[in-house]
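First comes the structure, then the notes that go with it.
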RNA sequence: GGUCGCGUGGCCGAGUGGCUUAGGCACUGGUCUGCAAAACCAGUUACAGCGGUUCGAAUCCGCUCGCGACCUCCA
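Numbering (my numbering), first residue to last: 902 to 1391.
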């Protein structure tokens, strides 16, 4: 079996590494999903799209991937409150709903947006609330191994003790002594032996409504535990890939490593992959800063920074035009540019299905395809891949315009470039133009016919009127040698 | 304060030692068109500043300036 080699930037080593699965051709991949207490925003889209492309790439290459992406529906503690309070519970109180109603609402919202963005469903989408028993078991294991202690019904991870035999900070590059000096004094931490310790189980306050029984108290699991528990349950104690946003690097992922190591005695992950943030005016777009734009607002054009609505496919393309490890600056004009570029690409893909082959080829199509593979294999360099796709579009259009020629074999290769890289791996399907309609198509044919007749009769007043009205309906007509074609742009 | 990262042309955004014309958007000129649209061809604007290493640096090193991320929930 020969699978093309790819490289991945591993946060653990801070280098690009050749990807070698632990158990070829199987690949286990875990990605931190959303905490479902609010509408999904552009940041969620980026993480989901980046790892969707990785999932698609690995599948395309022939790997058998089990992709696990969790739903956090238990909520995390908020330390800015006087007492620790569950994020979801807090939101529930504000909206006078059951916590699980909130969870349902925002899970549905997330799924809906992800579907619009053409993101493939993960193999397993486990929920924290459905794995309380496993989490309790893991806490017990960590306690049995001596790396956790109980105080007043809450259980804390003993970071200092763990660090004496392990390296706490190996992922994020932190040194425990420095962390201890710099850790802020936060309220509600008096139970901990040390400020750097973190909760594995938290006893619920009376007003706390999301809670479960445990050997220590009626309460809820700690911030980082679910990912350790669910990843090991579905992927094993040592698996290939763990992904998530860069903001989760510390403390979340660092703590995951510590928990798994303390419970199972194994470093859990071979390749850690982190996507960078989306910025707005140079600043991170985030829930806490309140400068986020939800996906619904983007799709509806319903935000003060937006001049219009944007197709989900445009959002996807916009995100893939930047490398996943760099920040991506959001703006209306950048999105407008992406919309135009995507349209050019999609038109090219359609055009490539229509062009006619001849005996010879003027461009090296095989080389172009190899360069596409090289780009996506090099730490998923989607912007470079896209630049090659535009070269393929340029060739396509030149052949159509009669400036270049292409052989039958190369034409097949050209179409396979679009099929493999644009559709299969990047997931940039053209869902708008493809859907035929039993009523609209004959109607449009009639209208186009009438316009053609008036043009033939030099009745340009009529033909232009048809074109102008159609244009107002976002239908673009193009008069080409072989007749008039039309496209509908949302 | 600690740790880490970034600064590319009008905008977005790749590249990281020697011609990359990266690519997209915008703009200008040309071809095509009844006029358009689309497309093709051509053109324009660049590597924050200073110093160093090198035959050669946007790319390596140092300093300066500016910006950001993490250190508290966040994709």
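From the three backbone atoms N, C-alpha and C, an ideal C-beta is built for every residue, glycine too. From a predicted model like this one, the values you see are computed outputs, not experimental measurements.
Through-space distance from residue j to residue i, alpha-carbon basis
i            : j            : result
residue 1103 : residue 914  : 33 Å
residue 1159 : residue 1069 : 7 Å
residue 984  : residue 1091 : Residue confidence is low: residue 984 scores 47 on pLDDT, short of 50, so the model does not pin down where it sits. Its coordinate-derived value is still stated next. Their Cα atoms are separated by approximately 12 Å.
residue 975  : residue 906  : 39 Å
residue 1224 : residue 1230 : 12 Å
residue 1345 : residue 1351 : 10 Å
residue 1333 : residue 1079 : In this prediction, residue 1333 scores a pLDDT of 46, lower than 50, which makes its location untrustworthy; no coordinate-derived value is stated.
residue 1325 : residue 1113 : 43 Å
residue 1187 : residue 1175 : 16 Å
residue 1366 : residue 1359 : 13 Å
residue 1097 : residue 1164 : 19 Å
residue 1309 : residue 1007 : 50 Å
residue 919  : residue 965  : 18 Å
residue 939  : residue 1275 : 39 Å
residue 1148 : residue 1185 : 10 Å
residue 970  : residue 1368 : 47 Å
residue 1023 : residue 1384 : 44 Å
residue 1170 : residue 921  : 13 Å
residue 1374 : residue 1361 : 20 Å
residue 1259 : residue 1341 : 35 Å
residue 1109 : residue 1032 : 19 Å
residue 1181 : residue 1232 : 7 Å
From the options, residue whose alpha carbon lies closest to that of residue i
i            : options                : result
residue 1105 : 990, 987, 1120, 1064   : 1120
residue 1263 : 1235, 1315, 1143, 1194 : 1315
residue 1153 : 1377, 934, 927, 1011   : 934
residue 1178 : 1023, 1257, 1199, 1145 : 1145
residue 1442 : 1127, 1388, 1059       : With the chain represented from 902 up to 1391, any question about residue 1442 goes unanswered, as that position is not in the structure.
residue 1210 : 1221, 1237, 1190       : 1237
residue 1151 : 1198, 1076, 1113, 1345 : 1076
residue 1227 : 1214, 1282, 1261       : 1282
residue 1204 : 1213, 1291, 1193       : 1193
residue 1396 : 1242, 1025, 1045       : Any question about residue 1396 goes unanswered here, given that the chain covers just 902 to 1391.
residue 1042 : 1126, 903, 1220        : 1126
residue 1064 : 1095, 1239, 1376, 1382 : 1095
residue 1200 : 1305, 1213, 1363       : 1213
residue 968  : 1269, 1020, 1206, 1323 : 1020
residue 1218 : 1243, 1232, 1074       : 1243
residue 973  : 1251, 1115, 932, 1172  : 932
residue 1074 : 1155, 1066, 1107       : 1155
Opening and closing residue of the alpha helix (DSSP H) in which residue i lies
i            : result
residue 1352 : 1341-1357
residue 1135 : 1126-1136
residue 1008 : 1000-1017
residue 1373 : 1361-1373
residue 1055 : Looking at the DSSP string, residue 1055 is not in any alpha helix (DSSP H); the run it does join, the beta strand (DSSP E), is 1055-1058.
residue 960  : 943-962
Cβ shell of residue i (< 7 Å), same chain only, five flanking positions each side left out
i            : result
residue 1167 : 1138, 1139, 1161
residue 1280 : 908, 909, 910, 917
residue 941  : 935, 1010, 1011, 1014, 1195, 1196
residue 982  : In this prediction, residue 982 scores a pLDDT of 39, lower than 50, which makes its location untrustworthy; the coordinate-derived value is nonetheless stated afterwards. None.
residue 1294 : 1245, 1246, 1249
residue 897  : Residue 897 lies beyond the residue range present for the chain, which begins at 902 and ends at 1391; the question has no answer from this structure.
residue 1452 : There is simply no residue 1452 to check, as the chain begins at 902 and stops at 1391 in what is shown.
Residue interval of the beta strand (DSSP E) (run including residue i)
i            : result
residue 1229 : 1229-1231
residue 930  : 927-932
residue 1122 : 1120-1122
residue 1175 : 1170-1176
residue 1101 : 1099-1104
residue 888  : Here the chain has residues from 902 to 1391 only, and residue 888 is not among them.
residue 970  : 965-970
residue 1140 : 1140-1146
residue 1385 : 1384-1389
Cutoff 8 Å; reference residue i; Cβ partners in own chain excluding five residues on either side
i            : result
residue 1183 : 1230
residue 1372 : 1378
residue 1256 : 1297, 1300, 1301, 1307, 1312
residue 1062 : 1047, 1048
residue 955  : 930, 1142, 1144, 1174, 1281
residue 958  : 907, 1277, 1281, 1326
Cutoff 6 Å; reference residue i; Cβ partners in own chain excluding five residues on either side
i            : result
residue 1040 : 1056, 1101, 1102
residue 1198 : 1204
residue 1093 : 1057
residue 1437 : Any property of residue 1437 remains undetermined from this structure, which presents the chain solely from 902 to 1391.
residue 1376 : 1387, 1389
residue 1349 : 1385
residue 993  : 1000, 1003
residue 1266 : 1311, 1314, 1315
* To do: Evaluate contact between the segment 1011-1023 and the segment 935-955, counting only Cβ atoms and requiring at least three cross-stretch pairs below 8 Å.
  => yes
* To do: Kindly confirm or deny that the segment 1120-1140 and the segment 1032-1042 touch, where touching means at least three C-beta pairs closer than 8 Å.
  => yes
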